[in-house]
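Worksheet for the structure shown next.
2 protein chains.
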Amino acid sequence: MTDLAIRFDDIAAAAARLHGVAHRTPVRTSRTADAATGAQLFFKCENFQRMGAFKFRGAYNALAQFSPAQRAAGVIAFSSGNHAQAIALSARLLGMPSVIVMPHDSPAAKLAATRGYQQGQAGSEVVLFDRYTEDREAIGQRIAAERGMTLIPPYDHPHVMAGQGTAALELLQDTADGGPLDLLLVCVGGGGLIAGCAVAAKHLQTGITVLGVEPEAGNDTQQSLARGEIVHIATPQTIADGAQTQHSGQLTFPVIQRHVPRILTVGDAQLVRTMRFFAERMKMVVEPTGCLGAAAALEGAEGLPDLRGKRVGIVVSGGNVDLQRYGGWLAG
Amino acid sequence: MTDLAIRFDDIAAAAARLHGVAHRTPVRTSRTADAATGAQLFFKCENFQRMGAFKFRGAYNALAQFSPAQRAAGVIAFSSGNHAQAIALSARLLGMPSVIVMPHDSPAAKLAATRGYQQGQAGSEVVLFDRYTEDREAIGQRIAAERGMTLIPPYDHPHVMAGQGTAALELLQDTADGGPLDLLLVCVGGGGLIAGCAVAAKHLQTGITVLGVEPEAGNDTQQSLARGEIVHIATPQTIADGAQTQHSGQLTFPVIQRHVPRILTVGDAQLVRTMRFFAERMKMVVEPTGCLGAAAALEGAEGLPDLRGKRVGIVVSGGNVDLQRYGGWLAG
Numbered sequence: 130m131t132d133l134a135i136r137f138d139d140i141a142a143a144a145a146r147l148h149g150v151a152h153r154t155p156v157r158t159s160r161t162a163d164a165a166t167g168a169q170l171f172f173k174c175e176n177f178q179r180m181g182a183f184k185f186r187g188a189y190n191a192l193a194q195f196s197p198a199q200r201a202a203g204v205i206a207f208s209s210g211n212h213a214q215a216i217a218l219s220a221r222l223l224g225m226p227s228v229i230v231m232p233h234d235s236p237a238a239k240l241a242a243t244r245g246y247q248q249g250q251a252g253s254e255v256v257l258f259d260r261y262t263e264d265r266e267a268i269g270q271r272i273a274a275e276r277g278m279t280l281i282p283p284y285d286h287p288h289v290m291a292g293q294g295t296a297a298l299e300l301l302q303d304t305a306d307g308g309p310l311d312l313l314l315v316c317v318g319g320g321g322l323i324a325g326c327a328v329a330a331k332h333l334q335t336g337i338t339v340l341g342v343e344p345e346a347g348n349d350t351q352q353s354l355a356r357g358e359i360v361h362i363a364t365p366q367t368i369a370d371g372a373q374t375q376h377s378g379q380l381t382f383p384v385i386q387r388h389v390p391r392i393l394t395v396g397d398a399q400l401v402r403t404m405r406f407f408a409e410r411m412k413m414v415v416e417p418t419g420c421l422g423a424a425a426a427l428e429g430a431e432g433l434p435d436l437r438g439k440r441v442g443i444v445v446s447g448g449n450v451d452l453q454r455y456g457g458w459l460a461g
Numbered sequence: 130m131t132d133l134a135i136r137f138d139d140i141a142a143a144a145a146r147l148h149g150v151a152h153r154t155p156v157r158t159s160r161t162a163d164a165a166t167g168a169q170l171f172f173k174c175e176n177f178q179r180m181g182a183f184k185f186r187g188a189y190n191a192l193a194q195f196s197p198a199q200r201a202a203g204v205i206a207f208s209s210g211n212h213a214q215a216i217a218l219s220a221r222l223l224g225m226p227s228v229i230v231m232p233h234d235s236p237a238a239k240l241a242a243t244r245g246y247q248q249g250q251a252g253s254e255v256v257l258f259d260r261y262t263e264d265r266e267a268i269g270q271r272i273a274a275e276r277g278m279t280l281i282p283p284y285d286h287p288h289v290m291a292g293q294g295t296a297a298l299e300l301l302q303d304t305a306d307g308g309p310l311d312l313l314l315v316c317v318g319g320g321g322l323i324a325g326c327a328v329a330a331k332h333l334q335t336g337i338t339v340l341g342v343e344p345e346a347g348n349d350t351q352q353s354l355a356r357g358e359i360v361h362i363a364t365p366q367t368i369a370d371g372a373q374t375q376h377s378g379q380l381t382f383p384v385i386q387r388h389v390p391r392i393l394t395v396g397d398a399q400l401v402r403t404m405r406f407f408a409e410r411m412k413m414v415v416e417p418t419g420c421l422g423a424a425a426a427l428e429g430a431e432g433l434p435d436l437r438g439k440r441v442g443i444v445v446s447g448g449n450v451d452l453q454r455y456g457g458w459l460a461g
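So the sequence lines, in the order shown, correspond to chains D and G.
If you're matching positions, the first sequence starts at 130 in our numbering and goes up one per residue.
If you're matching positions, the second sequence starts at 130 in our numbering and goes up one per residue.
Quick look at the structure:
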């Protein structure tokens with residue numbers, strides 16, 4: 130039995146670091162969803178997390194452990210998504226510079242949000258690159274070397290994974306009064322969230338089953354579990370942009386292999402219907418990636434256990450979505 | 130000093146009736162909104178209330194006080210909006226029949242939702258009428274007489290008003306740790322919500338200012354306060370369908386006169402921008418009427434006090450909105 134990158138103690142320590150900084154997001158329920166599934170569903174609402182997604186947990190947990198020298202030089206990240214905003218906000222809260230390397234054609238709203246989180250922190254900036262002619266890794270490495278900055282990747286890092294696990298820790302704590310959960314459904318991109326959540330959940334409730342949910346078009350982790358090794362795929366075409374990863378991480382995959390018996394998949398049409406369900410019945414905005422777990426429960430998926438009579442936790446990972454596209458999905 | 134229709138004790142009694150039946154909805158905050166206004170804003174999220182709006186509070190409080198004979202015969206209401214759903218759900222929870230008189234061209238989603246809340250309750254039905262050729266009052270009175278049913282109006286009823294006041298009661302209780310509120314902003318249709326909320330707020334915090342907010346096109350209560358008597362207007366053209374009332378009530382207006390120094394107004398464009406703010410920054414769906422109070426604070430309104438350094442409560446009244454129209458508003 131090889132050692133995994135994180136243990137439960139790392140998640141408990143992350144929870145202590147995040148206390149009073151991250152939101153303890155609500156666990157919400159829906160009579161409609163329960164009636165439709167015959168189960169009791171508990172939605173952990175990370176769309177209400179700071180900067181709108183669970184990514185804040187991992188980013189802050191990683192940056193909070195920087196040495197004084199690392200803090201002074203700051204952090205660098207490549208991302209056009211929630212990880213960018215999570216790093217920018219965490220760095221400012223901890224008083225360190227951040228450089229976020231983003232494609233020059235990123236949506237204006239994302240650029241503005243990232244720069245907004247950096248505001249007032251000296252040495253922070255967004256560095257743009259041309260996706261078609263420049264190599265972002267080379268740009269990032271040059272800046273990191275020149276400025277002595279520490280790179281924090283979006284998922285394949287033990288401190289990031291441990292931070293994400295605090296979402297499941299809180300969910301299990303906040304539902305414990307009614308008894309243990311039978312099942313936990315977690316969306317899967319690079320695997321940082323499900324790795325942390327699986328370690329937390331299996332430690333607290335050994336009988337729980339943790340299943341991942343990927344978009345049909347981006348089922349690299351499903352393939353990897355079947356093959357027993359990390360499978361690389363082309364960038365998948367799916368509206369679940371947070372799960373458009375090409376492969377699991379070297380650190381996240383062994384945790385998934387140990388604790389997650391299988392990965393389910395759902396299609397984009399099911400994600401749109403689930404977005405509508407969240408808006409219409411629960412009055413909340415959830416991004417496509419954040420709908421993966423709920424879509425499996427509400428719309429069904431091959432390999433989903435019989436939910437009737439079960440207590441099911443679902444991590445709703447985030448709510449950051451371009452309003453124009455979102456409006457179009459709702460209007461149909 | 131004439132007696133008003135409700136006193137604080139009525140609201141406290143309503144709170145006891147609603148305990149464990151209505152949701153104690155969350156009070157949410159937004160760093161973005163606070164930074165934009167220089168105030169501390171506290172949003173009372175009645176969009177997360179049962180059936181999606183504060184109307185459940187008043188309806189349930191009224192029906193819970195029916196005599197055994199009234200319960201046996203049941204309740205009748207005219208409404209195509211949130212009041213219909215509130216009465217239908219409350220009646221089923223209390224085990225009594227409900228008849229809801231709705232226009233035959235009501236949106237299918239509203240008919241389905243109302244019938245859904247009636248499901249399983251014998252004697253309950255939706256009665257449709259033709260808005261152009263039939264008189265709904267006559268239809269309702271005939272059914273009420275034939276079946277011995279009690280009519281519950283949407284706002285001009287002391288038990289309805291007292292129920293709505295529990296929203297402000299909870300908001301003031303849940304923000305009391307940080308000190309009293311300086312200002313409370315409440316949307317105004319027929320005045321049931323603001324009447325209940327004003328009585329609760331002025332009793333608990335005598336220094337608080339309670340202001341109403343109406344759509345520009347439907348400022349009947351603003352006109353009534355200026356004139357000193359209830360002004361009737363034509364059905365206003367505004368996207369705030371919950372505030373498309375033509376006049377305040379005989380019971381609600383005297384409370385507003387006593388406790389509400391003035392009414393502010395905002396336009397539909399401001400409501401749309403506020404809907405977008407709620408979706409983008411707070412990840413929640415709010416119907417146009419539910420945006421009235423927040424729109425005044427975020428977008429400004431003539432007669433709005435200087436908010437800087439103030440603690441401001443805002444009642445977000447509901448989240449029931451046709452997804453197609455809502456999607457269009459978000460997409461712009």
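From the three backbone atoms N, C-alpha and C, an ideal C-beta is built for every residue, glycine too.
Residue interval of the alpha helix (DSSP H) (run including residue 442/G): Your numbering for residue 442/G matches position 313 in the second sequence. Run containing residue 442/G: none in the alpha helix (DSSP H); it sits in the beta strand (DSSP E), 440–445.
With 16 other Cβ atoms within 10 Å as the buried cut-off, status of residue 367/D: Locating residue 367/D in the first sequence gives position 238, where the first residue counts as 1. Buried.
Residue 409/G: contacting residues in chain D (beta-carbon distance under 7 angstroms): Here residue 409/G corresponds to residue number 280 of the second sequence, with the count starting at 1. At a beta-carbon threshold of 7 angstroms, the residues of chain D lying near residue 409/G are 452, ordered along the chain.
Rounded straight-line distance, which links the Cα of residue 270/D to that of residue 175/G: Translated into the one-based positions of the second sequence, residue 175/G becomes position 46. Translated into the one-based positions of the first sequence, residue 270/D becomes position 141. One C-alpha to the other measures close to 49 angstroms.
Assigned exposure category for residue 139/D - 16 Cβ within 10 Å defines buried: By 1-based counting over the first sequence, the position of residue 139/D is 10. It is buried - the Cβ of residue 139/D has at least 16 other Cβ atoms within 10 Å.
Chain G contact for residue 371/D (CB, 9 angstroms cutoff): In the first sequence, the residue the question calls residue 371/D occupies position 242. Cβ-Cβ to chain G under 9 angstroms: no for residue 371/D.
Proximity winner among 347/D, 279/D and 295/D, relative to residue 192/D (alpha-carbon distances): The sequence position of residue 192/D within the first sequence is 63, counting from 1. Per the Cα distances, 279/D.
Per DSSP, the bridge partner or partners of residue 171/G: Taking the second sequence and counting its residues from 1, the one referred to as residue 171/G is at position 42. Bridge partners of residue 171/G: 442/G.
Assumed close pair residue 462/G, residue 231/G - CB separation to whole angstroms, cut-off 8 angstroms: In this structure chain G extends from 130 to 461, so residue 462/G is not present and cannot be described.
Range of the contiguous alpha helix (DSSP H) that encloses residue 195/D: As a working note, residue 195/D is residue 66 in the first sequence. Looking at the DSSP string, residue 195/D is not in any alpha helix (DSSP H), and its letter there is neither H nor E.
Buried versus exposed, by CB contacts within 10 Å (16 or more), residue 196/G: Start at 1 with the first residue of the second sequence, and residue 196/G comes out as number 67. With fewer than 16 Cβ atoms within 10 Å of its Cβ, residue 196/G is classed as exposed.
Sequence ranges, alpha helix (DSSP H) only - wholly within the stretch 297–335 of chain D, length at least 4: List check, alpha helix (DSSP H) in window: 321–333.
The stretch 351–359 of chain D touching the stretch 410–427 of chain D, judged by at least three CB pairs closer than 8 angstroms: Contact fails: fewer than three Cβ-Cβ distances are below 8 angstroms.
Where the alpha helix (DSSP H) containing residue 407/D begins and where it ends: Residue 407/D sits at position 278 when you count from the first residue of the first sequence. Start and end: 397–410.
Assigned exposure category for residue 307/G - 16 Cβ within 10 Å defines buried: Counted from its first residue, the second sequence places residue 307/G at position 178. Residue burial is scored here from C-beta neighbours: residue 307/G has fewer than 16 other C-beta atoms within 10 angstroms and is therefore classed as exposed.
Neighbourhood of residue 320/D by C-beta, 7 angstroms cutoff - its chain only, sequence neighbours within 5 removed: For the purposes of this step, residue 320/D is taken as residue 191 along the first sequence, with counting starting at 1. Exclusion of the five residues before and after residue 320/D leaves 284, 350, 377, 378, 381, 382 and 385 as the residues of its chain whose Cβ lies within less than 7 angstroms of its Cβ.
Best match in 203/G, 371/G, 460/G and 325/G for proximity to residue 209/G [C-alpha to C-alpha]: Your numbering for residue 209/G matches position 80 in the second sequence. Nearest C-alpha to residue 209/G: 371/G.
Interface flag, residue 387/G vs chain D, CB-CB below 9 angstroms: As a first step, residue 387/G must be located in the second sequence, where it is residue number 258. No, residue 387/G lies away from the interface with chain D (no Cβ there is under 9 angstroms from its Cβ).
Backbone CA spacing between residue 470/D and residue 447/D [nearest angstrom]: There is no way to answer for residue 470/D, as the model of chain D reaches only from 130 to 461.
Beta-carbon spacing of residue 282/G, residue 135/G below 9 angstroms: Here residue 282/G refers to the residue found at position 153 when the second sequence is read from its first residue. Here residue 135/G refers to the residue found at position 6 when the second sequence is read from its first residue. No; because the gap between Cβ atoms is not below 9 angstroms, this pair is not in contact.
9 angstroms Cβ cutoff, residue 360/D in contact with chain G: The residue given as residue 360/D occupies position 231 in the first sequence. Against chain G, the CB of residue 360/D has no partner CB under 9 angstroms away; the residue lies outside that interface.
Residue 190/D beta carbon less than 9 angstroms from that of residue 141/D: To locate residue 141/D, count along the first sequence from 1; it is residue 12. To locate residue 190/D, count along the first sequence from 1; it is residue 61. Taking 9 angstroms as the Cβ cut-off, residue 141/D and residue 190/D do not qualify as a contacting pair.
Proximity winner among 434/D, 397/D, 322/D and 212/D, relative to residue 345/D (alpha-carbon distances): Sequence index remark: in the first sequence, residue 345/D carries index 216 (1-based). Checking every option, the nearest Cα to that of residue 345/D belongs to 397/D.
Contact with chain G by residue 300/D, beta-carbon distance below 9 angstroms: Counted from its first residue, the first sequence places residue 300/D at position 171. Answer no: the Cβ-Cβ gap between residue 300/D and chain G never drops below 9 angstroms.
Residue 155/G at chain D interface by Cβ criterion, 9 angstroms: By 1-based counting over the second sequence, the position of residue 155/G is 26. At least one beta carbon of chain D lies nearer than 9 angstroms to the beta carbon of residue 155/G.
Integer Cβ distance of residue 440/G from residue 169/G, believed to fall under 8 angstroms: Residue mapping note: residue 440/G aligns to position 311 of the second sequence, counting from 1. Residue mapping note: residue 169/G aligns to position 40 of the second sequence, counting from 1. At roughly 5 angstroms, the Cβ-Cβ gap stays under 8 angstroms, so residue 440/G and residue 169/G are in contact.
Segment contact flag, the stretch 425–436 of chain G with the stretch 424–442 of chain D, C-beta cutoff 8 angstroms, min 3 pairs: The stretch 425–436 of chain G, when compared against the stretch 424–442 of chain D, does not touch it at the 8 angstroms Cβ threshold.
Buried versus exposed, by CB contacts within 10 Å (16 or more), residue 146/G: Position 17 of the second sequence, counted from the first residue, corresponds to residue 146/G. With 16 or more other Cβ atoms within 10 Å, it is buried.
Residue 461/G: CB within 8 angstroms of a non-hydrogen atom of the ligand GDP: Questions concerning the ligand GDP fall outside what the structure shown contains, since it holds no ligand whatsoever.
Members of the stretch 166–188 of chain G near chain D, C-beta cut-off 8 angstroms: Flagged, chain order: 176, 177 and 181.
9 angstroms Cβ cutoff met for residue 341/D and residue 323/D: What you label residue 341/D is simply residue 212 of the first sequence in a count that begins at 1. What you label residue 323/D is simply residue 194 of the first sequence in a count that begins at 1. Yes; because the gap between Cβ atoms is below 9 angstroms, this pair is in contact.
Environment of residue 212/G [buried if 16+ CB atoms lie within 10 Å]: Translated into positions along the second sequence, residue 212/G becomes position 83. Buried: at least 16 other Cβ atoms inside 10 Å.
Closer than 9 angstroms to chain D by CB, residue 149/G: For the purposes of this step, residue 149/G is taken as residue 20 along the second sequence, with counting starting at 1. No, residue 149/G lies away from the interface with chain D (no Cβ there is under 9 angstroms from its Cβ).
Below-9 angstroms beta-carbon distance, residue 315/D vs any chain G residue: The sequence position of residue 315/D within the first sequence is 186, counting from 1. With 9 angstroms as the cut-off, residue 315/D does not count as an interface residue toward chain G.
Collapsed DSSP secondary structure at residue 227/D in the structure displayed: Your numbering for residue 227/D matches position 98 in the first sequence. Correct three-state label for residue 227/D: strand.
Supposed close pair residue 336/G, residue 365/G - CB separation, criterion 8 angstroms: Numbered from 1 along the second sequence, position 207 holds the residue referred to as residue 336/G. Numbered from 1 along the second sequence, position 236 holds the residue referred to as residue 365/G. Actually they do not touch by this definition, with Cβ atoms about 33 angstroms apart.
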